[in-house]
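Working notes for the structure below.
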Amino acid sequence: MSLTRLSALATLMLLSGLASAEVSVQGPVEYGVFEGAKADLQSGERVLRRSNESIRQTETVPAKLGTKFGIRYQLTGKAVEGQPLTLLYFTPGIRTPDGERHDKLEVVQKLLPGAPQDVMAYEFTESHEVVPGEWRFMVFQGDRLLTQKSFTVR
């Protein structure tokens, strides 16, 4: 095999290895209620929030409109062409106005190598979303569980 073909093969193997690189959680995972502007909200109202809000560490979440809770974590090994994250929100059973029950919400999120931190959060913005019980947040890349956290909404 010629030297040119051998170098091309080595380059392709290196690039394919980078494209399939797995991400991993680095350091501690912050969790709890995001400390944002306090307001007495009505269903459907939202408050503009900062991306670097502090988090009050707790597993107990107030069942109140405007409450935002979840996790913030740092990932290593992120590449634009990498396999996206799947964020799974398991709820105690949200009933939408059309009467449909939702026990799981799924969000697929592309990897953003430039983002210093990633966030998985839920904010109660509609009355029907404020459901007491256990809420479980899980972050996957493919079938690999990266992190998870449970909250009790009261």
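Going by mature numbering (1 follows the signal peptide of the UniProt record, and there is no 0), the letters in the sequence shown line up with residues -21 to -1, 1 to 133, in that order.
Here a beta-carbon is modelled for each residue, glycine too, at the ideal position from N, C-alpha and C.
Thinking C-beta only, is F69 closer than 8 Å to G83? This sequence places Lys at residue 83; Gly is not what is there. In this structure, F69 lies closer than 8 Å to K83 by Cβ.
Which residues in the same chain as T126 place their Cβ atom closer than 7 Å to its Cβ, once the five residues preceding and following it in sequence are excluded? V4, V8, I50, Y52 and V118
Taking all protein chains shown into account, decide if G45 is buried (16 or more other Cβ within 10 angstroms of its Cβ) or exposed. buried
Residues in its own chain within less than 7 Å of G121 by CB, not counting five upstream and five downstream? Q62
To the nearest angstrom, report how far apart K128 and R115 are at their CA atoms. 6 Å
Throw me the rounded Cβ distance for the V59 and R35 pair, which I believe falls under 8 Å. The pair is not a contact, with the Cβ atoms about 33 Å apart (cut-off 8 Å).
Residues near Y10 by beta carbon distance below 6 Å, same chain, minus five either side: I50 and K128
Hey, quick one: how far does the beta strand (DSSP E) through D97 stretch, first residue to last? D97 to E102
If you draw a straight line from the C-alpha of Q88 to the C-alpha of V98, how long is it? Those two C-alpha atoms are separated by around 11 Å.
K43 to G93 span [Cα, whole Å]: 33 Å
From which residue to which residue does the beta strand (DSSP E) around L91 run? Segment: none, L91 is in no beta strand (DSSP E) and carries neither H nor E.
Does DSSP put residue 163 in a helix, a strand or coil? With the chain represented from -21 up to 133, any question about residue 163 goes unanswered, as that position is not in the structure.
Whole angstroms is fine: what's the gap from P111's alpha carbon to E38's? 13 Å
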